[in-house]
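Visitor: Chains as they are written, first to last, in our numbering: chain Z, 97 to 215; chain Y, 5 to 288.
Shown below is the structure under consideration.
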């Protein structure tokens, strides 16, 4: 399990923690509530990060302060809170994906993973 | 309510109880949403309970620590709070330095008072033509062991003519330059370490056990007043006495000032922590 640590005031382009990356990636699909993000993060496509409710909402709290996500509302019973990406969050996610892509290309060129697929 | 959550009221109750351990502001904002996410996880058949329970326990441990740390950081890293604490610490440091420096100076300056009178009286007698051996009071003062004031008379070239005091069997001479200064200015007041000039105890470490100043490691120190003698037989008069008692009082003043400084810093720390804690909700 990854333990998420994120500094307050994360600058766009700076490497993101696994939890923050997984949340941003999940919200890239659209507005979601807490457990949907936890489930997405747990899947291999979502980063394979085991997020618990405490880590999730702690990260969301800091991400809102940093302007990466926005809360859009609550469910009718006000128990589920919904979030979406902000423009800054989308930019941060894009920068992180580019960084990972460059690292992946470098790993491929070194023969660490086969070209065009997973080992 | 689904089958999983119907069978897990105890899990949910325990989780709700654990949520009370989060900082109040965080709890107020997210407890309901976290409880709902936990309930959703219980209801989700894709996540076996044997996976969920350890995950939630680890999450509680790490996120409780992180959120309390974040709360403390938000509470105590406020610039105004730190600035006020630093200003108060600076003021208390200046006060503590003054508490030490003012009495220390008063004590040290006061240590010269008897010698000023002794030297003045002796200069007057010598200028009236009284011979040095007669002018100097009878009896010997062992500078290494006695707290009594003493006088020494030197001629114009600095050679000792008569002495009421001895150190290691002879009358020591004052530090270089003292006579030249007194010749120009009439008087000099110095803290004199006579053993530093002695050939046998040049480095001051050979102070005899039990002698004055030995326990402080700097050896014997004398509060000396040197005055110019005019008239037909010019020369110099040195009046001195050990600084032992004065320095002991100075050490006590230093200790008291140090304790006062630490106490003031402690009060500032407690005040800062207390104020930061009680005003944390507004800061969050």
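Where a beta carbon is used, it is the ideal one built from N, C-alpha and C, also for glycine.
Computed from a prediction, not measured in an experiment: that's the story for all the values here.
1. Measuring only the C-alpha atoms, how far is residue 281 of chain Y from residue 157 of chain Z?
2. How about residue 114 of chain Z and residue 143 of chain Z: do their beta carbons lie closer than 8 angstroms?
3. Would you decide whether residue 69 of chain Y is buried or exposed? Buried here means 16 or more other CB atoms lie within 10 Å of its CB.
4. In whole angstroms, give me the CA-to-CA distance for residue 121 of chain Z and residue 100 of chain Y.
5. Counting only the same chain and skipping the five closest in sequence on each side, list residues whose C-beta sits under 8 angstroms from that of residue 186 of chain Y.
6. On the premise that residue 175 of chain Z lies in contact with residue 126 of chain Z, defined as a C-beta separation below 8 angstroms, what is that separation, rounded to the nearest angstrom?
7. Does residue 147 of chain Z come out as helix, strand or coil in the three-state DSSP assignment?
8. Compare the C-beta of residue 108 of chain Y with all C-beta atoms of chain Z and state if any pair is closer than 8 angstroms.
9. Let me know the secondary structure DSSP gives residue 177 of chain Z once reduced to three states.
10. What whole-angstrom Cβ distance do residue 197 of chain Y and residue 224 of chain Y have, given they're in contact under 8 angstroms?
11. Taking CB distances under 8 angstroms as the criterion, tell me whether residue 112 of chain Z reaches chain Y.
12. Which same chain residues, not among the five before or five after residue 92 of chain Y, have their C-beta less than 7 angstroms away from its C-beta?
13. For residue 129 of chain Z, which three-state DSSP category applies?
14. Since residue 96 of chain Y and residue 140 of chain Y are thought to touch, with beta carbons under 8 angstroms apart, how far apart are those beta carbons, to the nearest angstrom?
15. My understanding is that residue 131 of chain Z touches residue 22 of chain Y, with C-beta atoms under 8 angstroms, so please give their C-beta distance in whole angstroms.
16. Can you give me the Cβ contacts of residue 136 of chain Y inside the same chain, cut-off strictly under 7 angstroms, excluding the 5 residues immediately before and after it?
17. Under 8 angstroms, Cβ to Cβ, is there at least one residue of chain Z near residue 66 of chain Y?
18. At the 8 angstroms Cβ level, is residue 154 of chain Z part of the contact set with chain Y, yes or no?
19. Would residue 177 of chain Z count as contacting chain Y if we go by Cβ distances under 8 angstroms?
Guide: Taking the coordinates as given:
1. 21 angstroms
2. yes
3. exposed
4. 58 angstroms
5. 192, 230, 231, 232, 240
6. Not really, about 20 angstroms apart at Cβ, beyond 8 angstroms.
7. coil
8. no
9. In the structure shown, the three-state DSSP call for residue 177 of chain Z is strand.
10. 7 angstroms
11. For residue 112 of chain Z, the answer is no, since every Cβ of chain Y falls outside 8 angstroms of its Cβ.
12. Result list for residue 92 of chain Y: 272, in chain order.
13. Three-state result, residue 129 of chain Z: strand.
14. Taking a contact as a CB-CB distance under 8 angstroms, the pair residue 96 of chain Y and residue 140 of chain Y does not count as one, their CB atoms being some 50 angstroms apart.
15. With a Cβ gap of about 17 angstroms, residue 131 of chain Z and residue 22 of chain Y do not count as contacting.
16. So the list reads 130, 157, 165, 166, once near-sequence residues are dropped.
17. yes
18. yes
19. yes
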